[in-house]
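What follows is a single structure, written as C-alpha coordinates, with notes after it.
In my numbering, the protein residues as written are 12 to 192.
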(Lines of atoms letter the chains of each structure in order from A and count residues from 1; the text may use other names and numbers.)
(Lines give C-alpha, C1' and ligand atoms only; values in the text may rest on other atoms or scores of the structure.)
Protein backbone atom coordinates (compact mmCIF):
# COMPACT_ATOMS: atom_id res chain seq x y z
CA UNK A 1 0.00 0.00 0.00
CA UNK A 2 1.03 3.62 0.50
CA UNK A 3 2.13 6.19 -2.04
CA UNK A 4 4.98 5.98 -4.53
CA UNK A 5 7.26 2.96 -4.74
CA UNK A 6 6.34 -0.34 -3.19
CA UNK A 7 8.13 -1.25 0.01
CA UNK A 8 9.70 -4.26 -1.74
CA UNK A 9 11.43 -2.06 -4.34
CA UNK A 10 12.99 0.04 -1.58
CA UNK A 11 14.31 -3.07 0.20
CA UNK A 12 15.51 -4.96 -2.87
CA UNK A 13 17.56 -2.10 -4.35
CA UNK A 14 21.28 -2.27 -3.45
CA UNK A 15 22.89 0.85 -1.95
CA UNK A 16 25.25 2.73 -4.29
CA UNK A 17 28.93 2.15 -3.59
CA UNK A 18 31.24 5.00 -2.61
CA UNK A 19 28.62 6.97 -0.68
CA UNK A 20 29.48 8.52 2.68
CA UNK A 21 27.66 7.12 5.66
CA UNK A 22 24.43 8.87 6.61
CA UNK A 23 25.95 10.22 9.84
CA UNK A 24 28.19 12.63 7.87
CA UNK A 25 26.25 15.69 6.67
CA UNK A 26 26.83 17.01 3.16
CA UNK A 27 28.70 20.34 3.53
CA UNK A 28 27.19 21.91 0.39
CA UNK A 29 23.61 22.27 1.66
CA UNK A 30 23.07 25.17 4.09
CA UNK A 31 20.74 24.56 7.03
CA UNK A 32 17.11 25.61 6.44
CA UNK A 33 16.35 29.17 7.56
CA UNK A 34 13.11 28.36 9.38
CA UNK A 35 10.74 25.47 9.67
CA UNK A 36 7.18 26.04 8.54
CA UNK A 37 4.82 26.75 11.40
CA UNK A 38 1.53 25.47 10.03
CA UNK A 39 1.11 21.79 9.13
CA UNK A 40 -1.62 22.82 6.65
CA UNK A 41 0.90 24.66 4.48
CA UNK A 42 2.70 22.49 1.96
CA UNK A 43 6.14 23.16 0.46
CA UNK A 44 5.53 20.61 -2.26
CA UNK A 45 6.22 21.85 -5.81
CA UNK A 46 3.58 19.48 -7.13
CA UNK A 47 0.87 20.79 -4.78
CA UNK A 48 1.88 24.43 -5.31
CA UNK A 49 1.61 24.05 -9.08
CA UNK A 50 -1.75 22.30 -8.81
CA UNK A 51 -3.08 25.05 -6.52
CA UNK A 52 -1.80 27.74 -8.89
CA UNK A 53 -3.16 26.32 -12.14
CA UNK A 54 -6.51 25.24 -10.72
CA UNK A 55 -7.05 28.48 -8.75
CA UNK A 56 -10.54 29.98 -9.07
CA UNK A 57 -11.05 33.39 -10.65
CA UNK A 58 -11.41 35.09 -7.26
CA UNK A 59 -7.91 33.93 -6.25
CA UNK A 60 -6.47 34.70 -9.68
CA UNK A 61 -7.56 38.32 -9.23
CA UNK A 62 -5.20 38.66 -6.25
CA UNK A 63 -2.43 36.63 -7.90
CA UNK A 64 -2.67 38.88 -10.97
CA UNK A 65 -1.55 42.00 -9.12
CA UNK A 66 0.89 44.51 -10.57
CA UNK A 67 3.27 46.96 -8.97
CA UNK A 68 2.36 50.63 -8.81
CA UNK A 69 4.64 53.24 -10.40
CA UNK A 70 6.94 55.03 -7.96
CA UNK A 71 4.79 58.20 -7.81
CA UNK A 72 1.60 56.18 -7.13
CA UNK A 73 3.52 54.10 -4.57
CA UNK A 74 4.53 57.26 -2.72
CA UNK A 75 1.04 58.77 -2.99
CA UNK A 76 -0.89 55.77 -1.64
CA UNK A 77 1.87 54.03 0.39
CA UNK A 78 0.95 50.77 -1.40
CA UNK A 79 3.27 48.55 -3.46
CA UNK A 80 0.84 46.65 -5.67
CA UNK A 81 -2.84 46.16 -6.43
CA UNK A 82 -4.82 43.71 -8.57
CA UNK A 83 -4.89 44.86 -12.21
CA UNK A 84 -8.23 45.92 -13.57
CA UNK A 85 -9.73 46.89 -16.92
CA UNK A 86 -9.18 50.61 -17.73
CA UNK A 87 -6.03 50.92 -15.58
CA UNK A 88 -3.13 52.40 -17.52
CA UNK A 89 0.02 50.31 -17.48
CA UNK A 90 3.58 50.43 -18.76
CA UNK A 91 5.39 47.26 -19.84
CA UNK A 92 8.79 47.03 -18.11
CA UNK A 93 10.10 43.68 -19.41
CA UNK A 94 10.18 41.77 -22.67
CA UNK A 95 9.62 42.60 -26.34
CA UNK A 96 7.11 45.35 -25.58
CA UNK A 97 9.24 47.04 -22.88
CA UNK A 98 8.48 50.77 -22.63
CA UNK A 99 5.06 50.52 -24.29
CA UNK A 100 2.18 52.14 -22.42
CA UNK A 101 -1.54 51.72 -22.78
CA UNK A 102 -4.89 51.10 -21.20
CA UNK A 103 -5.81 47.58 -20.06
CA UNK A 104 -8.46 46.32 -22.47
CA UNK A 105 -9.06 42.96 -20.79
CA UNK A 106 -7.87 40.99 -17.78
CA UNK A 107 -7.83 37.43 -19.12
CA UNK A 108 -7.71 35.47 -15.88
CA UNK A 109 -8.10 32.06 -17.53
CA UNK A 110 -4.78 32.59 -19.37
CA UNK A 111 -3.08 34.58 -16.55
CA UNK A 112 -2.52 37.57 -18.88
CA UNK A 113 -3.77 41.08 -19.56
CA UNK A 114 -4.43 42.66 -22.93
CA UNK A 115 -3.19 46.22 -23.40
CA UNK A 116 -4.47 48.53 -26.13
CA UNK A 117 -2.13 48.96 -29.12
CA UNK A 118 -0.08 45.89 -28.15
CA UNK A 119 -1.26 43.60 -30.93
CA UNK A 120 0.16 41.39 -33.64
CA UNK A 121 -1.12 40.25 -36.99
CA UNK A 122 -2.03 36.63 -37.61
CA UNK A 123 -1.24 34.85 -40.87
CA UNK A 124 -4.82 35.33 -42.07
CA UNK A 125 -4.54 39.11 -41.54
CA UNK A 126 -6.55 39.35 -38.32
CA UNK A 127 -5.05 41.41 -35.50
CA UNK A 128 -5.02 39.90 -32.02
CA UNK A 129 -4.07 41.26 -28.63
CA UNK A 130 -0.81 39.98 -27.19
CA UNK A 131 -1.08 38.61 -23.67
CA UNK A 132 1.21 40.37 -21.19
CA UNK A 133 2.01 38.89 -17.77
CA UNK A 134 1.00 41.17 -14.89
CA UNK A 135 4.41 40.78 -13.25
CA UNK A 136 5.96 42.53 -16.27
CA UNK A 137 3.96 45.76 -16.00
CA UNK A 138 3.67 48.70 -13.65
CA UNK A 139 0.41 50.55 -13.16
CA UNK A 140 0.82 54.23 -14.08
CA UNK A 141 -2.79 55.36 -13.66
CA UNK A 142 -5.55 53.72 -11.62
CA UNK A 143 -9.23 53.59 -12.47
CA UNK A 144 -10.61 54.69 -9.12
CA UNK A 145 -14.06 54.04 -7.72
CA UNK A 146 -15.20 53.90 -4.11
CA UNK A 147 -14.20 50.24 -3.66
CA UNK A 148 -10.74 50.76 -5.13
CA UNK A 149 -10.22 53.86 -2.96
CA UNK A 150 -11.25 51.85 0.11
CA UNK A 151 -8.78 49.10 -0.85
CA UNK A 152 -5.91 51.60 -1.22
CA UNK A 153 -6.90 53.28 2.05
CA UNK A 154 -6.93 49.95 3.89
CA UNK A 155 -3.62 48.72 2.43
CA UNK A 156 -1.93 52.08 3.00
CA UNK A 157 -3.08 52.23 6.61
CA UNK A 158 -1.71 48.75 7.27
CA UNK A 159 1.66 49.60 5.73
CA UNK A 160 2.03 52.87 7.65
CA UNK A 161 1.29 51.01 10.91
CA UNK A 162 4.01 48.46 10.06
CA UNK A 163 6.74 51.11 9.89
CA UNK A 164 7.41 50.97 13.64
CA UNK A 165 6.16 47.42 14.08
CA UNK A 166 7.99 45.43 16.73
CA UNK A 167 10.51 48.18 17.48
CA UNK A 168 11.08 48.91 21.14
CA UNK A 169 13.53 51.48 22.44
CA UNK A 170 15.38 51.25 25.75
CA UNK A 171 13.09 53.99 27.09
CA UNK A 172 10.02 51.83 26.37
CA UNK A 173 11.42 48.82 28.19
CA UNK A 174 13.46 50.34 31.05
CA UNK A 175 10.78 52.22 33.11
CA UNK A 176 8.55 49.17 33.76
CA UNK A 177 11.57 47.21 35.01
CA UNK A 178 12.47 49.94 37.52
CA UNK A 179 8.91 50.08 38.86
CA UNK A 180 8.95 46.35 39.70
CA UNK A 181 11.66 46.73 42.43
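Glycine included, each C-beta is placed from N, C-alpha and C at the ideal position.
Taking one beta carbon from each stretch, the stretch 136 to 155 and the stretch 77 to 85 have 3 or more pairs nearer than 8 Å; the two touch.
In the three-state DSSP reduction, residue 153 falls in the coil class, being neither helix nor strand.
Here residue 89 has 79, 163, 166, 167, 170 as same chain residues with Cβ atoms under 7 Å from its own Cβ, once five neighbours each way along the sequence are excluded. By the Cβ neighbour-count rule, residue 143 is buried, with 16 or more other Cβ atoms within 10 Å of its own.
Residue 127 is not a Cβ neighbour of residue 139, given a cutoff of 8 Å.
DSSP places residue 76 inside the beta strand (DSSP E), whose first and last residues are 76 to 79. In the structure shown, residue 87 adopts helical secondary structure according to DSSP, grouped into three states. DSSP, reduced to helix, strand and coil, places residue 106 outside both helices and strands of the structure shown, so it counts as coil.
For residue 56, the enclosing alpha helix (DSSP H) starts and ends at 56 to 64. Annotated as proximal: residue 103 and residue 147, with beta-carbon spacing under 8 Å.
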